[in-house]
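Just below is one structure, and these are the notes that go with it.
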Amino acid sequence: MGLRSSREASPRSFRSTGSFQDRSYSQEQYWGESYPYEAPGYRNYPPPPQSYGEPVQAYPPPSSGYSQPSRTQRAGGSRPRLDRRYSKITDDYNSVEQVTEALAQAGLESSNLIVGIDFTKSNEWTGKFSFHGRSLHHVGDIPNPYEQAISIIGRTLSAFDEDNLIPCFGFGDASTHDQDVFSFYPDERPCNGFSEALARYRELIPHLRLAGPTSFAPIIEMAMTIVEQNGGQYHVLLIIADGQVTRSVDTEFGQLSAQEQKTIEAIVKASEFPLSIVLVGVGDGPWDMMKQFDDNIPARSFDNFQFVNFTEIMSKNMPQTRKEAAFALAALMEIPSQYKATLELGILGRCSAKSPERVPLPPPVGGYGTSSSGSKSFQSTSFQKSVPPYSGYDTAPSAAPTAPSASLDNQLCPICFTNPKDMAFGCGHQTCCDCGQSLELCPICRSVIHTRIRLY
1 MGLRSSREAS PRSFRSTGSF QDRSYSQEQY WGESYPYEAP GYRNYPPPPQ SYGEPVQAYP
61 PPSSGYSQPS RTQRAGGSRP RLDRRYSKIT DDYNSVEQVT EALAQAGLES SNLIVGIDFT
121 KSNEWTGKFS FHGRSLHHVG DIPNPYEQAI SIIGRTLSAF DEDNLIPCFG FGDASTHDQD
181 VFSFYPDERP CNGFSEALAR YRELIPHLRL AGPTSFAPII EMAMTIVEQN GGQYHVLLII
241 ADGQVTRSVD TEFGQLSAQE QKTIEAIVKA SEFPLSIVLV GVGDGPWDMM KQFDDNIPAR
301 SFDNFQFVNF TEIMSKNMPQ TRKEAAFALA ALMEIPSQYK ATLELGILGR CSAKSPERVP
361 LPPPVGGYGT SSSGSKSFQS TSFQKSVPPY SGYDTAPSAA PTAPSASLDN QLCPICFTNP
421 KDMAFGCGHQ TCCDCGQSLE LCPICRSVIH TRIRLY
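Residue numbers for the sequence shown follow full-length UniProt numbering, so the first one is 1 and each next one is one higher.
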């Protein structure tokens, strides 16, 4: 496609400087309090479909090199243990005010937010129950789950961000798949506050072609690169995603898929940096593997990963402001202890670990921003690649593809994104035979599968 791989090593500076303040922004500037989750039908949020299977069977605890150390394992083993001083941090805060106070008491007067957004194709159908059947990236008069999560976390952390510059990235679309990330702007500059992040998100959505598979490794590696280039300043990586890491049906019991393995390795590596990772799950799920990531990943310097089920919290029958506070609390309650861990471990303010040196791709659209010669950073223009815009977009499930790449994308199985569609169900939707033979419900419309037809 003519794009550079984000694996290319290049001296980049993502150092956030400036004094832009976004304190005047309020929720009412965008949508007031007209959230879709106030609908009566959403309050009675149903449990995940049974087709996901039992979590223990579908997603067993990581084995081999990533199994949880036993109490009898000797300290001299080949694999380091998770330091118990910073593991299983107690959820001991009861309000956003307590979280804010604890952050300040821990010395977190300044922090830096990084945002990563999931643009995989499953977003088109994982809002069947939680977002009234619409794509989770549907842009309209009311905010979608991604916009809500960015707004709530952005407002909560803005008091601690001295420059209010937020590097924002996307992953899982047709340009990045599970290998790269793209920056929101061609010159790789950050967004000025979460209000600009929301506005830029809305600008990008019509131009993105959702794809897959799902891996969180590239965005975590991108965050490590930013932390290193900022001299070891403390950062919070906010990942918002509609599903867990891709696990194909041919992955054997007790084994990890390639995407799972790389994601776990990235989380473990990230614990060598002053970086907290908050994964927010939006949509219908399932989330069993993400809960394992949160609870059972060993071999880390400190407990640096927190998973939050946005849908579960926002579906509760309570006032909108209370739901927002509950979500912010769940997402940030472990930050004070994680920040203290980086202080005690001596990794805050210095770069003892080597980052993967990722370089983001430009957004898959043309005509945005300016290019100039010279070195690039988030605060200065530096990107020289020009990228032709896509001739066809694939954001709506019913939209007919107008480009060959979109046609090819529609011929692939929507579960594994690898095999061609060769099995049809009674509802009319299609997958590959490998994925479809064990399903109980259609992955697109969630109807019970009574008929399977092999296509030739």
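We put the beta carbon where it would ideally sit given N, CA and C, even for glycine. Here the structure is a predicted model, which means the values were calculated and not measured.
- Within 10 angstroms of the beta-carbon of GLY212 lie 16 or more other beta-carbons, which makes it buried.
- Taking a C-beta distance under 9 Å as the contact criterion, VAL227 and PRO190 do not qualify as a contact pair.
- With 16 or more neighbouring CB atoms inside 10 Å of its own CB, PRO360 falls in the buried class.
- The way I'd put it, the region 170 to 184 doesn't touch the region 127 to 140; fewer than three beta-carbon pairs between them come closer than 8 Å.
- In the structure shown, the three-state DSSP call for ASN123 is helix.
- For the pair LYS354 and ALA424, the Cα-to-Cα distance works out to about 48 Å.
- Partner residues in the beta bridge of HIS235, as assigned by DSSP, are ASN112, LEU275.
- Non-local C-beta neighbours of ILE444 in its own chain, meaning closer than 6 Å and more than five positions away in sequence, comprise TRP125, HIS429, ordered along the chain.
- The C-beta distance from ILE239 to LEU279 rounds to 5 Å, short enough to fall under 8 Å.
- With contacts defined as CB atoms closer than 9 Å, THR120 and THR214 qualify as a contacting pair.
- Between the C-alpha atoms of SER195 and ASP422 there is a straight-line separation of about 44 Å.
- Collapsing the DSSP output to three states places GLY170 in a strand.
- Within the model, the alpha-carbon separation for LEU348 versus SER447 is close to 51 Å.
- Assignment of beta-bridge partners to ALA211 by DSSP yields THR120.
- Scanning the region 129 to 185 from its first residue to its last, the whole alpha helix (DSSP H) runs of 4-plus residues come out as 145 to 157.
- Nearest in C-alpha terms to ALA149, of all of SER158, LEU455, GLU324, SER276, is GLU324.
- Judged by beta-carbon spacing, VAL308 lies within the 9 Å limit of GLY281, meaning their Cβ atoms are closer than that value.
- Here MET289 is buried. Its C-beta has 16 or more other C-beta atoms within 10 Å.
- Straight-line measurement puts the Cα of GLU188 at about 13 Å from the Cα of ALA223.
- Per DSSP, ALA266 is one residue of the alpha helix (DSSP H) stretching across 258 to 270.
- Here the alpha carbon of PRO420 sits roughly 39 Å from the alpha carbon of SER271.
- Annotated as proximal: LEU113 and VAL236, with beta-carbon spacing under 9 Å.
- Following the DSSP letters along the chain, one finds GLN306 in no alpha helix (DSSP H) but inside the beta strand (DSSP E) bounded by residues 305 to 309.
- A Cβ-Cβ distance of about 27 Å is found for the pair GLU260 and TYR201, leaving them out of contact under the 8 Å criterion.
- Taking the C-beta atoms as reference points, PRO364 is found no nearer than 9 Å to LEU256.
- About 5 Å separates the Cβ atoms of THR263 and PHE216, confirming a contact at the 8 Å cut-off.
- LEU157 places its beta carbon 9 Å or farther from that of LEU345.
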